[in-house]
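Working notes for the structure below.
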Amino acid sequence: MAQQSKPLAYKRVLLKLSGESFCRDRQGGISMSEVTRIAEEIRDVVEQGVELAIVCGGGNILRGKQFSEGSDAIKPATAHYMGMTATVINGLALQDALEHIGVATRLQSAIRMDSVAEPFIRRRCIRHLEKGRVVILAGGTGSPYVTTDTAAALRAREIEADVVMKATKVDGIYSEDPEENPHAIRYDRISFQDVLSQRLQVMDVQAFHHCMEHNIPIQIFNFQKSGNILRAVLGERVGSIVDGDTE
Ligand code: UDP
0 MAQQSKPLAY KRVLLKLSGE SFCRDRQGGI SMSEVTRIAE EIRDVVEQGV ELAIVCGGGN
60 ILRGKQFSEG SDAIKPATAH YMGMTATVIN GLALQDALEH IGVATRLQSA IRMDSVAEPF
120 IRRRCIRHLE KGRVVILAGG TGSPYVTTDT AAALRAREIE ADVVMKATKV DGIYSEDPEE
180 NPHAIRYDRI SFQDVLSQRL QVMDVQAFHH CMEHNIPIQI FNFQKSGNIL RAVLGERVGS
240 IVDGDTE
């Protein structure tokens, strides 16, 4: 039974889980213990009553650009379709991990794969969310040459999510690469314009511009720190938030 203990900062959240969330550090492939850990964090979020859609990445299995650069024998478009298919593999793993711990889910794919996933249908997706189901969105946008960041930004707008949350391995957005400069500053909050003028890396460029144009806030945080997804949903200062405010 859902218990709403603290006020939610967001009612509907689009969470982007990159492929690296599905594997052990730099190992690639899928680790069910990692997927289970993420699933437990997601359960904690859903129990607060937040509506959650998740866009899965696929980089733990294959990224189209890298894969096609390695061989003349594969066309870039084919490699990107392979990448999109990889996101369905991750989606299936996440779906079972969530259902295993009692979280109701639906898997929707932008690439038709009727025996394992529903097709992505915007209105149906929203209906699932309203019923408290986690909707896992796989297959990216269904079109090659872009990334799942772009899928996350587009889907967030379609389903009228309040925020795009990008779970990564870094603690947020820094003025410089913190691995190269230990004095780099992490921004709690930064405007879209400042990200652009300082040429900071947040999401892929298309995704970022889409969020900026439609004023969809982006929150970046480290998924490896336990409880971070929940803290972000509750509006606690975790990671960095990019929005239209220039306070
Ligand atoms: N991809 C694509 N179209 C999309 C989304 C993804 O062609 O709309 C392909 C692309 O090749 C990408 C791969 O799927 O590299 C896996 O997605 P991504 O690289 O975004 O995964 P992540 O980096 O989040 O793990």
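Here numbering that gives the first Met the number 0 is used: the first residue of the sequence shown is 0, the next is one more, and so on.
Even glycine gets a Cβ: it sits at the ideal position worked out from N, Cα and C.
Note that the coordinates shown come from a computational prediction; the quantities given were computed from them, not determined experimentally.
Item checked: Residue environment, G28, which counts as buried when at least 16 other CB atoms sit within 10 Å -> exposed
Item checked: Which listed residue (K15, A137, M164) has its alpha carbon closest to that of G234 -> M164
Check: Relative to the alpha-carbon of H106, which residue among I100, P6, P118 has its alpha-carbon at the smallest distance?
Finding: Correcting the residue type first, residue 106 is Leu in the shown sequence and not His. Nearest of I100, P6, P118 to L106, Cα basis: P118.
Notebook entry, point to check: Are the CB atoms of G56 and G90 nearer to each other than 8 angstroms?
Noted result: no
Next item on the list: Please work out which residues of its chain come closer than 8 angstroms, Cβ to Cβ, to V45, disregarding the five sequence neighbours upstream and downstream, and give them in chain order.
Entry: Taken in chain order, the residues that qualify are A1, L51, V102, G131, V133.
Check: Going by the beta-carbon positions, is the gap between S239 and I184 smaller than 8 angstroms?
Finding: no
Notebook entry, point to check: Going by beta carbon distance, what residues of the same chain come within less than 6 angstroms of K15, once the five residues before and after it are set aside?
Noted result: V54, A151, K165.
Margin query: Taking 7 angstroms as the cut-off, is the C-beta of H127 nearer than that to any heavy atom in ligand 1?
Written below: Result no, Cβ not under 7 angstroms from ligand 1.
Checklist line | Reference S190; option with closest CA among A92, I219, G243 | finding: G243
Item checked: Cα-Cα separation between D161 and K64, rounded to whole angstroms -> Taking the straight line joining both Cα atoms gives about 31 angstroms.
Check: Which residues have their C-beta within less than 5 angstroms of a heavy atom of ligand 1, listed in chain order?
Finding: S17, G18, G56, G57, G58, R62, G63, H79, G82, M83, G139, T140, P143, V145, T146, T147, A150
Checklist line | R105: CB within 7 angstroms of a non-hydrogen atom of ligand 2 | finding: Ligands displayed in this structure: ligand 1; ligand 2 is not among them.
Notebook entry, point to check: What are the start and end residues of the alpha helix (DSSP H) that includes M164?
Noted result: Run containing M164: none in the alpha helix (DSSP H); it sits in the beta strand (DSSP E), 162-167.
Check: Can you tell which of Q47, R154, F207, C22 has the C-alpha that lies nearest to the C-alpha of I37?
Finding: C22
Check: Residue range of the alpha helix (DSSP H) that S196 falls in?
Finding: Note, S196: alpha helix (DSSP H), 191-196.
Checklist line | 6 angstroms Cβ shell around M211 - same chain, five flanking residues per side excluded | finding: F191
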